[in-house]
Every structure is written in C-alpha cells, then in structure tokens.
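A short worksheet on the structure shown next.
Numbering (this note's numbering), first residue to last: 12 to 219.
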C-alpha cells in the first residue's frame, strides 16, 4: 500500500462539512471506475454487498442502492443474482454512466439529504456505499432513507473510518438505535482499497 491519493479522490477526501461534491463527481464520472478500480483497488462495493447478502438470502428482493454513483454496487448485486434494483444519486454524470450498465429497473436523480419522492415501505432492503461523509450526505438523512424501506428490512452502510469513528457517525448511529429507528446488527471494519490504507466500516442494520 504505497500509493498516495490524488486527483478527484483527494478532492472528495478533503471536503469539509458544507462543501458540495456534485461538481467533482459530475466531472469525474467518465474516469471514476478506472481511477478507483485500476489505480486504487477499490473493493467497497463488494464488501457492502457481502454484508447485505449475509442477511438477505432472497434474490427476488427489491433493493434500493442509495448514492449509487456509476453503478458499481448495482453491478455487484446483479452479479450475485439480484434483478430488482433501483438506484438514486445526486450526480447526473454518475447516473448517466450507471444507466449504461443495464442493471437497474429505475434510476432516480435526487438530493438524498431530502426525502425521496417515493411511497413509504416500498423496498425490501437498502445499501449505501461511500455516500456518507463530508461534502456528501450526513447521518441526519438516515430516517428519510429508512422511510422507504419495509419494516424489518436490512440497510447496509459502508463508510470511511474517518467519518464513522473520527466524526460523530458512530454516536448518531447508536442514538438512532436507542430511539427505535433501527437495530444495528453488525459493525465490521475492513480496508476498502488494496493499493491504499483506507479503513472503513460495513454497518449492517435493520429497520424497526
């Protein structure tokens, strides 16, 4: 693990609370997968989906990929036998790339810091990889995400350790459990880039 982060990856890593990442991701969209997969060995989508399938054996489940980006998680889910997948993201550039993968039933462009324009309790499961963080979505958005999941549905969140342990995410997640929004089933650390030291956490929860 000798590489140093650079370019757009460095830009989004160094964002501070209140800064927007939309322009960075729109510009990065065409090279996003090449950069992350080939340059840094990005495996967070696999780790997130590993955590989800451990609690979701039904391949016919309807899954929402929150912050789907270019569709890496959707492609991973599809490769594991899931076919009823929707995605949502703020970046039009990222969604354009995701559309070409042909693995989503629908893709929704939306600001995930605001409630989704969907009915309550329509999804059997949710997954979010890399969406939470500075310049992205804060933990305050979680109740809005849970609203579109069915009661008892799993939600897996994969996020950077700097955000989870270094920020207030771990505390907020515990507060949501105390307040009855969800049950935290498992929190598992891992390194999500083979060419960099990038510790992260897969947090498996279930909507109450």
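We put the beta carbon where it would ideally sit given N, CA and C, even for glycine.
Computed from a predicted model, the values in this text were never measured in an experiment.
With 16 other Cβ atoms within 10 Å as the buried cut-off, status of residue i
{"i": "residue 163", "result": "exposed"}
{"i": "residue 45", "result": "exposed"}
{"i": "residue 21", "result": "Note that residue 21 has pLDDT 49, beneath the 50 cutoff, so the model's placement of it is unreliable and the number below is only indicative. Residue 21 comes out exposed."}
{"i": "residue 218", "result": "buried"}
{"i": "residue 200", "result": "exposed"}
{"i": "residue 178", "result": "buried"}
Closest by C-alpha distance to residue i, when choosing among the options
{"i": "residue 220", "options": "105, 106, 112", "result": "Past the edges of the chain, shown from 12 to 219, lies residue 220, and the structure says nothing about it."}
{"i": "residue 130", "options": "114, 119, 123, 158", "result": "158"}
{"i": "residue 166", "options": "182, 75, 178", "result": "75"}
{"i": "residue 78", "options": "182, 124, 186", "result": "124"}
{"i": "residue 101", "options": "209, 192, 126", "result": "126"}
{"i": "residue 181", "options": "155, 151, 156", "result": "151"}
{"i": "residue 116", "options": "149, 71, 148", "result": "71"}
{"i": "residue 176", "options": "191, 143, 61", "result": "143"}
{"i": "residue 69", "options": "92, 61, 49", "result": "92"}
Whole-Å CB distance - residue i paired with residue j, under 8 Å assumed
{"i": "residue 134", "j": "residue 59", "result": "Not confirmed; about 16 Å, so no contact."}
{"i": "residue 198", "j": "residue 174", "result": "The Cβ separation is near 13 Å, so there is no contact."}
{"i": "residue 85", "j": "residue 98", "result": "6 Å"}
{"i": "residue 63", "j": "residue 138", "result": "5 Å"}
{"i": "residue 171", "j": "residue 120", "result": "Not quite, the Cβ-Cβ distance comes to about 24 Å (not below 8 Å), so this is no contact."}
Contacting residues, own chain, Cβ-Cβ under 6 Å from residue i (five flanking each side not counted)
{"i": "residue 132", "result": "161"}
{"i": "residue 73", "result": "95, 134, 135"}
{"i": "residue 47", "result": "53"}
{"i": "residue 83", "result": "56"}
{"i": "residue 155", "result": "126"}
Cβ shell of residue i (< 7 Å), same chain only, five flanking positions each side left out
{"i": "residue 55", "result": "140, 141, 169, 203, 211"}
{"i": "residue 187", "result": "153, 193"}
{"i": "residue 57", "result": "87"}
Contacts around residue i, its chain only, beta-carbon distance under 8 Å, and the 5 residues preceding and following it disregarded
{"i": "residue 196", "result": "66, 165, 215, 216, 217"}
{"i": "residue 122", "result": "101"}
Which runs of the beta strand (DSSP E) fall wholly inside the stretch 154-192 and span at least 3 residues, in chain order? 165-171
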